[in-house]
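Single-structure report; data block below.
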Amino acid sequence: MKKPPAPEALYLPDVESHTSDGHYGRMIAGAKAAGFAPPGIWHLFAFKPRMTDALAAFTHEVMRGPSPLSAGMRELIAAYTSRRNACVF
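Structure follows, in structure tokens:
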């Protein structure tokens, strides 16, 4: 499996170096242990979980909530949009 390119730095050293034992902190640690660079948004979610809970809930509802589009189609649209924006999805 080909590794995706490393995401660009957030230029927020306090956010990127913050360690967390919460959900996103564990995801970051797992990605790093597997040799992958975690997406920058995970660092933000791990840094201020209470402040980002609403964004995570919103994203989950958009991607997994009731919709005339299947979850797979929504993922495909998100992947296509990210690629068009030269953003690692």
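Counting in the numbering used here, the sequence shown runs from 3 upward without gaps. No residue lacks a Cβ here, since even glycine has one placed at the ideal position from N, Cα and C.
Using only the alpha-carbon positions, how far apart do ALA36 and TYR26 sit? 15 Å
Since LEU1 is in the alpha helix (DSSP H), which residue starts that stretch and which ends it? No answer is possible for residue 1: it lies beyond the span of the chain, which begins at 3 and ends at 91.
HIS20 - DSSP class collapsed to helix/strand/coil: coil
Leaving aside the five residues before and after GLU92 along the sequence, list all residues of the same chain whose C-beta is less than 8 Å from its C-beta, in chain order. Absent from the structure is residue 92, since the part of the chain shown begins at 3 and ends at 91.
Inter-residue spacing [alpha-carbon to alpha-carbon] between THR21 and SER72: Each residue's alpha carbon lies about 35 Å from the other.
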